[in-house]
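Enquirer: Below: one structure in structure tokens.
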Amino acid sequence: MPDMTDNTDKSPDIRKLMHEQGERLKELAAINQTTQILREGKPIDETLQQLAMIFPEAWQYPAFTSARIKFGAKEYKSVGFQESRWLQRQHFETINERKGAIEIFYTKEFIAEDEGPFLKEERHLINNLANMITGYLNSQEAKELLRKTHPKWAAEDKKKEKEVQPTSSKQLLQRFLNKNNYDRDVYHDLMPFKVKEILLVANLYDAYSIEKEGRFSEHVLGEYHQLSLTSLPRITGVSSEEEIFAQLQSKHFDFIIFMVGVEKNLPLAISSRIKAEFPYIPIFLLLNNNKDISFFMENKLMRNVDRIFVWNGESKVFFAMIKHIEDKINVDNDTKVGLVRVILLVEDSPQYYSRYLPLLYSIVLEQTRRIIEDVSTDELYKVLRMRARPKILLASSIEEAKEILNKFRDNMLCLISDVKFDKNGKAYSQAGFELVKYARELIGELPTIIQSHDPENARMAYQLKTTFIDKNSETLVQDFKSFITHYLGFGNFIYRDNEGSQIAVARSLKEFESLLRTIPDESLIYHARKDHFSLWLMARGEIQVAKIINPAKVTDFDSPSKLRAYLIEVIQQFRNEQNRGKVIPFEESAILDESNVVSLSSGSLGGKGRGLAFINTLINNFDFEQLLPNIRIRTPKTSIIGTDEFEYFIERNKLHDKVVNSLDYEEIKILFMNASLTETLVKRLRILLKHITNPIAIRSSGLFEDSLMQPFAGIFETYLLPNNDPDFNTRLQQTMDAIKLVYASVYSKIARGYIEAIHYKIEEEKMAVIIQEVVGNRFENVYYPHISGVAQSYNYYPFAHMKPEEGFAVAALGLGKQVVEGEKAYRFSPKYPSTEINSPQDQFKNSQVDFFAVDLNKKEINLLEGDTAGLIKLEIEDAERHGNLRHMASVYDYENHRIVPGLTQPGPRIINFSNILKYNYIPLAGAIDVVLDVVKEAMGAPVEIEFAVDLNRDEHLRASFYVLQIKPLIGSMQDYSFDAESIDPGSVLLLSEKGMGNGLINDITDVIYIDISAFDKRKTEEMVGEIELLNRKMMHENRKYLLIGPGRWGTRDKWIGIPVNWPQISSARVIVETSLEGYPLDASSGSHFFHNVTSMNVGYFSVQQELSGSFIKWEILDQQPLVQRTTYFKHVRFEKPISIRMDGKKRIAAITWEKKD
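With my numbering, letter number 1107 in the sequence shown gets 1115, and the count goes up by one each step, no holes.
Given below as structure tokens:
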């Protein structure tokens, strides 16, 4: 081995290293491309031709490589195909005994390698590609058989499983878990040692995020079933210290998980007390943010925590934590008794092992099933062998790793190691290389992976003949997964005849059900007699259906056809029931309804999509009808395109370099409009649109949008489409264009500025897209809901006897754009809906006079015009003509300065929903109050909802309340208070009795404020440009500042404030809105802007000097050194930092300054 300290030129070695790495990446890319092509489900001829075109790029000399695929009598060739004597070939055969081959030719002679001029890695590659093609062809042949048969059968309705009746909104997490785990108890206590009881300390929303957006059974317990037929853990959810110790004192728990969100100190304090009383119970922390790792690693109380995990969007981390404990304990026994293999992961970073372990367990499951498939045709034996999966051990030091290698040297399957970790208690930069050398001496050709932040380590990895993966790679997980996949395989349910010969393959429950309709009677009887169906389903985690099928015997049925009908009926009924309130994969035969969310593409749902799926889960798992019997809580029909489509769209159309190089946004939109979506998505959109005849909303759902920690509210685009063109292809094209423009909005100036402001990279934001049926009805040639609105569970502007925690709502006639963008609408308290906040004169002045609707007459829509392209703005008189003001409007009586409910007399119409809010025509206020309360508890934070109301009654005479979106409102959660009277009055610069925010800020010296003498309310739009330039300068200098300005920041109405977007003031640490003489402070607000302010913990103060004890000492500001002066603003800098105190509970804020020495 060359000396790594040698300074001689190693450029030939580096070139060779880079060449080898490049070859491996090409091979992995070929597998990835092949997988994608096969998943698109195109016709066989098109698929095989496409594969032949891409294969040459994966071989060592692509410029001199030709490829040919033979199948039956047909041939599919690459461009410029040439035969030669230098050939590499792999044959394949389908279940119908149709033969084929992949042939790779070099068109010129090259030096001899492992197989003529071909590498041994290329032999592995061609074998893998042949296996993949065989699986695809078998699937296509099975589908063709299904299309030819179409057996008819009738299904009878079964009684639904009785819902868990809620007693109150308390214990919401536990009732949610109960519903998901109800049918899982069959496996409790079957094996002598398993984690059986887990105490989960969390609020419901944190748990939901970990569960992969509502699919708890599939992603936590479902994985558990597929690995082994053993007792499943029972999960008890608690949310307070009192509940924790009540549970611990009532029964034994094997394992405790703290899900850590905003509050960090409390879990450590509680862990300390738990360890004092129950030292034998392992405690894991599951962090919601990578940034918190250092806080915990450096904390002395971490001695009471066994291990930290981090959730970075991978829901299976929860499952991996359970298996991590079990494998550590079971490995001794299992390696001796069952000859189980061991995978060793050496990694000391919680961030990375939290990513690797879930991935490893997922792939190990697939590998185990593939091995078992090759062992026996006996399905019972296969399922029992599931428990013999490889064990995965985690080490964080070289001593720990060597001990494991020595102990299990005869059982090692793979070593995956970081480079830098502890040796003799200190970080050692060469530990990984030393470990690999040690392992090779001990075990020989043990497969190994070295992964590191430093690309220079690739050199040493190459010398050690081990694969290197760069931790900084944007495709880290995919590279890792692709490498492991070379060693591990996949498995399915194999349908066989009486002789045990394979006749069909099912890779999913859907294929299992489809093939069940068409397999011969002899195969059906063969599997039924051996209980293969129930055993396979049980191993996959489909416990409920397996329990129903298992007791049934072949002798219970008069004929095979009746047995077949029974099995299909049970499976379909089970799937329909299980899909309620969940995100389900797209199926052509599926019925689109409100009970679930349909996924049109794989990948994350994005922040907004996750919120929609979450509220859909709540509605279908929480009995709102018990609390709100006279109104129906619903969600619109919703489909979501996962983020994988966005990534493939960028990659497939080669857009990445173009958009990163900061093209003009208008150019980017045109570029995206001309790009193409995948054929699979287009096909699914075509099917989807045939089931939706109402207008549709195409909404953004960025990876961090509306999430708890990084909200991007209002930054990306939403488009509303009439969806009524007589030409179906036009409807489809409009939908695809809207999707592409949502993708393009990631690269808008506003989005770039926002992402830069919160220190993210534009490449980190991935976009999902929501397709939602618009709530409403048709009136003449327009379409709109009776009511739309926004409600928040915390009211930062309470009035009279109202309390902040009682929340508020803003409602309007027509589409919700009216409310969300801060236009005129009606604000009220859900607790006191009949209390009028404003005087009759102010209500008249501020009442809604127009509204948005979908324009059904507009056939040609230019989406480049923006999100209003498919909309029309109507007058209130139009709604009255439609007959929609009866319950929503009152009349302003000029002569008596009063408001008269209803429309019984002439006069100006006031939209104040009097018949609904005052006289309870429908329980709108009650519905808002209950939904906010439930969602707030479920998310563990103050929340905002967007809603729409349809006043038309259903068969039970109930109106419908639709929840359109939910998002958290996060301010600082740390308690902070101060006594205003104890502050020296001479040091007070500003005092606000309407402060929003909490905590102490004492590191700001810069103040940007309005020049009162220059203020002109007609020039607010010009002020936007000035403040944007000042903000950009502050960002460049990495300085935060105090911003003071007139009226409402972020309003869309230039007459009541400065109409900025958030990125234009994003470096402001505290924002102050104030009234000026002749310029009062309006009380309305734009939802998007305030969501960003509160979520990013920015202080926000209101100063109405003429109405209260609030004030600003302008003269002190004017005395400070002037940094810059613009037409309308001054930028001054204090010599010493000012002190900003915010008491969130009292809602007061004070800013003090220290005079010069």
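Cβ coordinates follow ideal geometry from the N, Cα and C atoms, glycine included.
1. Please say whether L256 and P275 have beta carbons closer to each other than 8 Å?
2. Identify whether E1081 lies in helix, strand or coil by the three-state DSSP scheme.
3. How many Å lie between N1046 and E1143 at the Cα?
4. Return the chain-ordered list of same chain residues with a C-beta closer than 7 Å to the C-beta of Q982, the five sequence neighbours on each side being excluded.
5. In the DSSP assignment, find the beta strand (DSSP E) that holds F860 and state where it starts and stops.
6. What beta strand (DSSP E) runs, 3 residues minimum, are completely inside the segment 441-488?
7. Should S709 and K616 be called a contact, given that it needs their Cβ atoms to be closer than 8 Å?
8. Among K1121, Q973, W1070, which has the Cα closest to the Cα of I1020?
9. Shortest alpha-carbon distance to E48 belongs to which of D356, H1044, K1048, S610?
10. Note down the Cα distance separating P1145 from A1076, rounded to an integer number of angstroms.
11. Spatial neighbours of L392 within its chain, please: C-beta separation below 6 Å, excluding the five flanking residues on both sides.
12. Hey, is the segment 865-882 in contact with the segment 811-818, meaning 3+ C-beta pairs nearer than 8 Å?
13. For M420, which three-state DSSP category applies?
14. Nearest CA to the CA of I110: which residue from E117, G1033, F100, F118?
15. Looking at C-beta atoms only, is the number of pairs between the segment 853-866 and the segment 724-731 that lie closer than 8 Å three or more?
16. Let me know if Q634 comes out buried or exposed under the rule of 16 or more other beta-carbons within 10 Å of its beta-carbon.
17. Is it buried or exposed for E221, if we count other Cβ within 10 angstroms and need 16 for buried?
18. What separation, rounded to the nearest whole angstrom, lies between the Cα atoms of S302 and E773?
19. Indicate whether K283 and E205 have their beta-carbon atoms separated by less than 8 Å.
20. Please state if the CB of V1015 and the CB of L1130 are separated by a distance shorter than 8 Å.
21. Would you list the one or two residues that DSSP bridges to G710?
22. Measure the CB-CB distance between V268 and D314 and report whether it falls below 8 Å.
23. When we look at the beta-carbon of D418 and count the other beta-carbons within 10 Å, is it buried (16 or more) or exposed?
24. Near K1163, which residues of its chain fall below 7 Å by C-beta distance, leaving aside the five closest residues on each side in sequence?
25. In whole angstroms, what separates the C-alpha of L523 from that of T456?
26. Identify the continuous alpha helix (DSSP H) that holds Q257 and give its terminal residues.
27. Figure out for me which residue from L207, I103, I112, I316 has the closest Cα to the Cα of A66.
28. Does DSSP classify F720 as helix, strand or coil?
29. Select from L352, R1056, L711, L532 the residue whose C-alpha is nearest the C-alpha of P568.
30. Should the segment 349-366 be regarded as contacting the segment 422-429, the criterion being three or more beta carbon pairs within less than 8 Å?
31. If you follow the alpha helix (DSSP H) that D53 is in, where does it begin and where does it stop?
32. Give the straight-line distance between the Cα atoms of V578 and E521, rounded to the nearest whole angstrom.
33. By a C-beta neighbour count over all protein chains shown, 10 Å radius and 16 as the cutoff for buried, is S362 buried or exposed?
34. Count the C-beta pairs between the segment 917-937 and the segment 879-899 that are closer than 8 Å, then say yes if the count reaches three, no if not.
35. Give the straight-line distance between the Cα atoms of I1066 and A1022, rounded to the nearest whole angstrom.
36. Look up L212 in the DSSP assignment and say whether it is helix, strand or coil.
Expert: On the basis of the supplied data:
1. Reading the sequence shown from its first residue, position 267 is the one you call residue 275. Reading the sequence shown from its first residue, position 248 is the one you call residue 256. The answer is no: Cβ separation not under 8 Å.
2. Taking the sequence shown and counting its residues from 1, one reaches residue 1081 at position 1073. Reduced to three states, the DSSP call for E1081 is strand.
3. Working through the sequence shown from its first residue, we reach residue 1046 at position 1038. Working through the sequence shown from its first residue, we reach residue 1143 at position 1135. Cα to Cα, the separation comes out at about 18 Å.
4. Taking the sequence shown and counting its residues from 1, the one referred to as residue 982 is at position 974. Low per-residue confidence applies at Q982: pLDDT is 46, beneath 50, and the placement is therefore not dependable enough to give any value.
5. Taking the sequence shown and counting its residues from 1, one reaches residue 860 at position 852. Annotation: the continuous beta strand (DSSP E) that includes F860 extends over 858-863.
6. Segments of the beta strand (DSSP E) lying fully in the segment 441-488: 456-460, 475-478.
7. In the sequence shown, counting from the first residue as 1, residue 709 sits at position 701. In the sequence shown, counting from the first residue as 1, residue 616 sits at position 608. Result yes, Cβ atoms of S709 and K616 sit closer than 8 Å.
8. The count along the sequence shown starts at 1 and reaches residue 1020 at position 1012. In this structure, K1121 is the residue among K1121, Q973, W1070 with its C-alpha nearest to the C-alpha of I1020.
9. For the purposes of this step, residue 48 is taken as the residue at position 40 of the sequence shown. Closest option to E48, Cα to Cα, is S610.
10. On the sequence shown, position 1137 is the one that residue 1145 refers to. On the sequence shown, position 1068 is the one that residue 1076 refers to. In this structure, the alpha-carbon of P1145 lies about 15 Å from that of A1076.
11. Mapped onto the sequence shown, residue 392 falls at position 384. Its pLDDT being 44, under 50, L392 is placed unreliably by the model, and the measurement read from it follows with that caveat. Excluding the 5 residues flanking it on each side, L392 has no same chain C-beta neighbour closer than 6 Å.
12. Touching, no.
13. The sequence position of residue 420 within the sequence shown is 412, counting from 1. Reduced to three states, the DSSP call for M420 is strand.
14. For this step, residue 110 is matched to residue 102 along the sequence shown. Checking every option, the nearest Cα to that of I110 belongs to F100.
15. Verdict: yes, contact present.
16. Locating residue 634 in the sequence shown gives position 626, counting from the first residue. Here Q634 is exposed, its C-beta having fewer than 16 other C-beta atoms within 10 Å.
17. In the sequence shown, residue 221 corresponds to position 213, counting from 1. Low per-residue confidence applies at E221: pLDDT is 46, beneath 50, and the placement is therefore not dependable enough to give any value.
18. As a first step, residue 302 is located in the sequence shown; it is residue number 294 there, counting from the start. As a first step, residue 773 is located in the sequence shown; it is residue number 765 there, counting from the start. Straight through space, the alpha carbons of E773 and S302 are spaced by roughly 24 Å.
19. The residue labelled residue 283 in the question sits at position 275 within the sequence shown. The residue labelled residue 205 in the question sits at position 197 within the sequence shown. Going by C-beta atoms, K283 is not nearer than 8 Å to E205.
20. As a first step, residue 1130 must be located in the sequence shown, where it is residue number 1122. As a first step, residue 1015 must be located in the sequence shown, where it is residue number 1007. Taking the C-beta atoms as reference points, V1015 is found no nearer than 8 Å to L1130.
21. Reading the sequence shown from its first residue, position 702 is the one you call residue 710. For G710, which the question treats as bridged, DSSP gives the partners M775.
22. Taking the sequence shown and counting its residues from 1, the one referred to as residue 268 is at position 260. Taking the sequence shown and counting its residues from 1, the one referred to as residue 314 is at position 306. Contact flag unset, no.
23. What you label residue 418 is simply residue 410 of the sequence shown in a count that begins at 1. A residue is called buried once 16 or more other Cβ atoms fall within 10 Å of its Cβ, and D418, having fewer, is exposed.
24. As a position in the sequence shown, residue 1163 is number 1155, starting the count at 1. Residues of the same chain with a CB within less than 7 Å of the CB of K1163, apart from the 5 flanking positions on each side, do not exist.
25. For the purposes of this step, residue 523 is taken as the residue at position 515 of the sequence shown. For the purposes of this step, residue 456 is taken as the residue at position 448 of the sequence shown. Approximately 40 Å between the Cα atoms of the pair.
26. Numbered from its first residue, the sequence shown carries residue 257 at position 249. First-last of the alpha helix (DSSP H) with Q257: 249-258.
27. Indexing the sequence shown from 1 puts residue 66 at position 58. Closest option to A66, judged by alpha-carbon separation, among L207, I103, I112, I316: I112.
28. The count along the sequence shown starts at 1 and reaches residue 720 at position 712. Low per-residue confidence applies at F720: pLDDT is 44, beneath 50, and the placement is therefore not dependable, though the value from the model is reported in the following sentence. F720 carries a coil assignment under DSSP once its states are collapsed to helix, strand and coil.
29. Taking the first residue of the sequence shown as 1, we reach residue 568 at position 560. Ranking the options by Cα distance to P568, first place goes to L532.
30. Contact between the segment 349-366 and the segment 422-429 is present, because at least three Cβ pairs lie under 8 Å.
31. Translated into the one-based positions of the sequence shown, residue 53 becomes position 45. In the DSSP assignment, D53 falls within the alpha helix (DSSP H) that extends over 52-62.
32. To locate residue 578, count along the sequence shown from 1; it is residue 570. To locate residue 521, count along the sequence shown from 1; it is residue 513. If you draw a straight line from the Cα of V578 to the Cα of E521, it comes to about 10 Å.
33. Taking the first residue of the sequence shown as position 1, residue 362 is located at position 354. When all chains shown are included, S362 counts as buried.
34. Yes: at least three Cβ pairs fall under 8 Å.
35. For this step, residue 1066 is matched to residue 1058 along the sequence shown. For this step, residue 1022 is matched to residue 1014 along the sequence shown. Straight across, the Cα-Cα distance linking I1066 with A1022 is about 14 Å.
36. As a working note, residue 212 is residue 204 in the sequence shown. Looking at L212 - three-state DSSP - the assignment turns out to be helix.
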